[in-house]
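Asks:
Protein chains: 2
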Amino acid sequence: MKATSGKAKAAPAKTVTKKELLTKGSDANFRQYIHDLFAFSVRMQDVRNRFGAFVGVSGSQYIILLAVSNLQGQEGVGVNVIAKHLQLSSAFITMEINNLVTAGLVDKATDPADRRRVRLMLSAEGAQRLENLKTIQAPVNDAIYSSLTREEFETLRDVMSRLVQHSAEALALLDFYVAKSSSNKTGTYGG
Amino acid sequence: MKATSGKAKAAPAKTVTKKELLTKGSDANFRQYIHDLFAFSVRMQDVRNRFGAFVGVSGSQYIILLAVSNLQGQEGVGVNVIAKHLQLSSAFITMEINNLVTAGLVDKATDPADRRRVRLMLSAEGAQRLENLKTIQAPVNDAIYSSLTREEFETLRDVMSRLVQHSAEALALLDFYVAKSSSNKTGTYGG
DNA sequence: CGAAATTAATTAACTAACTTTACTATTTCT
DNA sequence: AGAAATAGTAAAGTTAGTTAATTAATTTCG
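So the protein lines, in turn, are chains A and B.
According to this note's numbering, the stretch in the first sequence is residues 11 to 201, in order.
According to this note's numbering, the stretch in the second sequence is residues 11 to 201, in order.
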């Protein structure tokens, strides 16, 4: 008696079909996971904002500051490199970098070899702030991941890196689908 | 020979200290994971926006529509319940629900038993749109998670649900820390 | 009962976090 | 040299949300 026969309303389609992701043929677990993932990324956004607050900047300034820290090397890093790294527009990076420079957390210099370019590095103060942050970052991260075994962490790491890759591909696929169907839309002007 | 002695600059602190998360004493892997997680959640945001576009609404309207679908039951669901479920302000839900009602995707009625309350349900059209969406949702989800084994998926699911829980706790901890240190801040007006 | 407090939804005004577009300065290519 | 490409920037606009105040209905309780 399970939607196999009779007049039961048409069984709803599934949001995923790969068998490894279905539990007894149902996508319920997958949906629950998607919801958790969403909730978690909202929380992470929150964590970033608070880390930013601790450092004295906004959430987005914080991730930009981090990117400078990660990418600066010996020579400093340019606006475009950061923009690509964070998948943000270079215009936005320029603006926020200027705020960080004004706040004294980032140093900015023209690249003498190519004067279009700019070399960004953490200022001493910026580096210090990020270093101080770690005193709260560590216990917070420890708390979030407190329940993980090493094996789970290794799996999580590995899986996450594959998801990043494949989601880029899936997005291309998706663009293809969405472009094809400019169907729906409750627009006001005819389409 | 590793920052144990000599004049080497003070070893930078780590962003996490739980031993299961360190690889040879380094948090490098953890940091890489954090970056991947960030990248992935940006992508997921993108996917949501495109799913929304397919349905004919914005990304946030799409997740609200989904929430209505999940929570409506037989009786419909109220604004506050949705707001809590999605961790958004009820004011925002009200606004977007009104747009969805105008678009004909959600039906709204006053709860006769408590006339402050509102009962929201998908309209037939709304339900149909979500059902149609699945034809692209399934292949996209299959693509994103194509590389996962069942065991990995089970681990991912399990881990994610714990992360949601513990991140809520960590956030409370964090609020405590950040409140204590209104230190930094490059404010203009004296503090 | 009737006043005070509480709750649900809404509105308006605002803010943060971006993007798009257009532009300038510089470098590279031919 | 001139055309095309590259790096960064400024200005204006958009989107996704928030906070604060308001209205209306309900509950609490002296």
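Quick reminder that beta carbons are idealized off the backbone N, C-alpha and C, glycines included.
Apply the 10 Å Cβ neighbour rule to E106/B and answer buried if 16 or more other Cβ atoms are within range, or exposed otherwise.
Replies: With 16 or more other Cβ atoms within 10 Å, it is buried.
Asks: Can you find a C-beta in chain A that's less than 9 Å from the C-beta of V111/B?
Replies: Output row for V111/B: interface = no.
Asks: By Cβ distance, which residues of its chain are closer than 6 Å to L181/A, with the 5 residues on each side in sequence left out?
Replies: There are no such residues.
Asks: Mapping DSSP to helix, strand and coil, what is R129/A?
Replies: In this structure, R129/A counts as strand in the three-state DSSP scheme.
Asks: By the DSSP assignment, the alpha helix (DSSP H) with R145/A in it spans what residues?
Replies: Reading off the sequence, residue 145/A comes out as Thr, not Arg. Element bounds for T145/A: A134 to I154.
Asks: Under 8 Å Cβ to Cβ from L140/A, same chain only, skipping five residues before and after it: list those, please.
Replies: Only V65, L75, L76, S79 and L132 meet the Cβ criterion.
Asks: Can you tell me whether Q147/B is buried or exposed, with buried defined as 16 or more other CB within 10 angstroms of its CB?
Replies: Counting Cβ neighbours within 10 Å, Q147/B comes out buried, since at least 16 surround it.
Asks: With a threshold of 9 Å between beta-carbons, can D121/B be considered close to chain A, or not?
Replies: Cβ-Cβ to chain A under 9 Å: no for D121/B.
Asks: Which residues in chain B sit within 9 Å of I103/A, going by Cβ to Cβ distance?
Replies: Correct list: empty, because the minimum Cβ distance to chain B is about 15 Å.
Asks: Determine, for S156/B, whether the minimum Cβ-Cβ distance to residues of chain A falls below 9 Å.
Replies: Answer yes: the Cβ-Cβ gap between S156/B and chain A drops below 9 Å somewhere.
Asks: Can you name the residues of chain B whose CB is closer than 9 Å to the CB of V91/A?
Replies: Result: empty, since nearest Cβ-Cβ is about 14 Å, beyond 9 Å.
Asks: Can you give me the C-alpha to C-alpha distance between S177/A and V91/B, rounded to a whole angstrom?
Replies: Straight-line Cα distance between these residues: approximately 31 Å.
Asks: Nearest by alpha-carbon distance to A23/B: which of V57/A, E164/A and K144/A is it?
Replies: Among V57/A, E164/A and K144/A, the Cα nearest to that of A23/B is on K144/A.
Asks: What's the C-alpha gap between A119/A and L130/A?
Replies: Near 7 Å, if we compare the C-alpha coordinates of L130/A and A119/A.
Asks: If you follow the beta strand (DSSP E) that K118/B is part of, which residue opens it and which one closes it?
Replies: It spans V116 to T120 - the beta strand (DSSP E) in which K118/B sits, taken as one unbroken run.
Asks: Can you give the Cα-Cα distance for S99/A and A93/A, rounded to whole angstroms?
Replies: Answer to the nearest angstrom: the Cα atoms are 6 Å apart.
Asks: Express the C-alpha separation of H95/B and V57/B in angstroms, rounding to a whole number.
Replies: Taking the straight line joining both Cα atoms gives about 20 Å.
Asks: Given this structure, state the Cα-to-Cα distance separating L166/B from R41/B, to the nearest angstrom.
Replies: Approximately 19 Å, taken between the alpha carbons.
Asks: Any beta carbon from chain B within less than 9 Å of M131/A's own beta carbon?
Replies: No, no contact with chain B.
Asks: To the nearest angstrom, how far is it from the Cα of Y199/B to the Cα of N108/A?
Replies: The pLDDT assigned to Y199/B is 28, lower than 50, so where the model puts this residue is not dependable, and the model offers no usable value.
Asks: What did DSSP end up calling V87/A once you bin it into helix, strand or coil?
Replies: The answer is strand: DSSP assigns V87/A an E or B state.
Asks: Could you check which residue in T104/B, Q97/B, Q82/B and L81/B has the C-alpha nearest to that of V89/B?
Replies: Answer by Cα proximity: T104/B.
Asks: Can you pull the chain B residues whose beta carbon is under 8 Å from the beta carbon of V174/A, in chain order?
Replies: By Cβ distance, chain B contributes D46, A49, F50 and R53.
Asks: Using a Cβ-Cβ distance cut-off of 9 Å, determine whether A134/B contacts chain A.
Replies: Not closer than 9 Å to any Cβ of chain A, the Cβ of A134/B fails to qualify, so no.
Asks: What are the residues that DSSP puts in a beta bridge with T262/B?
Replies: Absent from the model: residue 262/B. The displayed extent of chain B is 11 to 201, so no value can be given.
Asks: Would S156/A and K29/B qualify as a contact pair, given that the criterion is a beta-carbon distance under 9 Å?
Replies: Not in contact: S156/A and K29/B (Cβ atoms no closer than 9 Å).
Asks: Does any CB atom of chain B fall closer than 9 Å to the CB of A106/A?
Replies: A small correction: the amino acid at residue 106/A is Glu; Ala does not occupy that position in the sequence shown. No, its Cβ sits nowhere closer than 9 Å to a Cβ of chain B.
Asks: According to DSSP, is V26/A part of a helix, a strand, or is it coil?
Replies: The answer is coil: DSSP assigns V26/A none of H, G, I, E or B.
Asks: If we define contact as Cβ-Cβ less than 9 Å, is S177/A a contact residue for chain B?
Replies: Interface residue, yes.
Asks: Which class does L181/A belong to by DSSP, given the choice of helix, strand or coil?
Replies: L181/A falls in the helix class under three-state DSSP.
Asks: Mind checking the region 20 to 35 of chain A against chain B and listing, in chain order, the residues whose C-beta falls within less than 7 Å of any C-beta there?
Replies: Cβ contacts with chain B come from P22, A23, K24, T25, V26, T27, K28, E30 and L31.
Asks: Less than 9 Å between the beta carbons of V31/B and D152/A, yes or no?
Replies: Inspection of the sequence shows that residue 31/B is occupied by Leu rather than by Val. Yes, the Cβ-Cβ distance between L31/B and D152/A is below 9 Å.
Asks: Between the Cα of F163/A and the Cα atoms of V52/B, D168/B and Q175/B, which residue gives the shortest distance?
Replies: F163/A has its Cα closest to that of D168/B, out of V52/B, D168/B and Q175/B.
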